[in-house]
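Those letters in the sequence shown? Residues 2 to 122, per our numbering, in order.
All C-beta atoms, glycine included, are put in the ideal place defined by N, C-alpha and C.
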Amino acid sequence: MAWKCEELGLEASLVDLVDSWRSRTAQPMIQLDLQGDLADISGTVAATAYRVARECLTNALRHSAAREIVLRIERRTGSENALLVRVEDDGGGDAAKVAQSAGFGLTGVSERVAATIPLAA
Ligand SMILES: Nc1ncnc2c1ncn2[C@@H]1O[C@H](COP(=O)(O)OP(=O)(O)OP(=O)(O)O)[C@@H](O)[C@H]1O
Ligand SMILES: [Mg+2]
Numbered sequence: 002m003a004w005k006c007e008e009l010g011l012e013a014s015l016v017d018l019v020d021s022w023r024s025r026t027a028q029p030m031i032q033l034d035l036q037g038d039l040a041d042i043s044g045t046v047a048a049t050a051y052r053v054a055r056e057c058l059t060n061a062l063r064h065s066a067a068r069e070i071v072l073r074i075e076r077r078t079g080s081e082n083a084l085l086v087r088v089e090d091d092g093g094g095d096a097a098k099v100a101q102s103a104g105f106g107l108t109g110v111s112e113r114v115a116a117t118i119p120l121a122a
């Protein structure tokens, strides 16, 4: 949630998100892999990154039979200046189901990402 990111910062919010899932379920194993300095990521970008991570993590827990989920948030600086959010699970999946789903989660993810101001002006 936006307020959570504003209060805690992106890194602590992600740690909190993963910790709360870990305390609810022993399986699958959830790994949080934070790379680079997230301290200056705030506002809309932080809120979008958090929401995307939360939706994809929830999807992996709900829709896959994963044994392991890796949530990787990577800050790339320099000319690339980007924030990568990657959620991988080893539970397999069915692309046809993604296309046919009546769910709003992934649509919301792409809309939010498209609407978020780029890190670099
Ligand atoms: N990690 C995943 N593994 C396997 N299937 C997935 C995964 N993530 C999404 N899917 C498939 O893609 C579909 C669409 O996901 P989406 O998040 O858009 O909707 P939802 O999760 O079903 O509903 P909502 O997000 O609105 O609560 C899911 O119903 C599921 O079939
Ligand atoms: Mg979903």
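Item                                                                                                            : Value
Euclidean distance between Cα positions of PHE105 and THR26                                                     : 24 Å
Pairwise C-alpha distance: CYS57 and ALA122                                                                     : Model confidence at ALA122 stands at a pLDDT of 48, short of 50, so the residue's coordinates are unreliable and nothing is read from them.
Cβ separation of ALA54 and LEU18, assumed to be a contact under 8 Å, to the nearest whole Å                     : 7 Å
Check whether VAL86 and ILE70 have beta carbons under 8 Å apart                                                 : no
Whole-Å CB distance - ASP90 paired with ALA61, under 8 Å assumed                                                : 4 Å
Secondary structure of VAL16, DSSP reduced to three states                                                      : helix
Any non-hydrogen atom of ligand 3 closer than 7 Å to GLY106 Cβ                                                  : Questions concerning ligand 3 fall outside what the structure shown contains, since the ligands it does hold are ligand 1 and ligand 2.
C-alpha distance - THR108 paired with MET30, whole-angstrom precision                                           : 26 Å
GLY92 beta carbon less than 8 Å from that of ALA67                                                              : yes
Beta-carbon proximity of ARG63 to GLY37, cut-off 8 Å                                                            : no
In chain order, each beta strand (DSSP E) run of at least 3 residues that lies wholly inside the stretch 63-107 : 69-77, 83-90
Of the residues SER21, ALA40, GLU12, the one placed nearest THR78, counting alpha carbons only                  : ALA40
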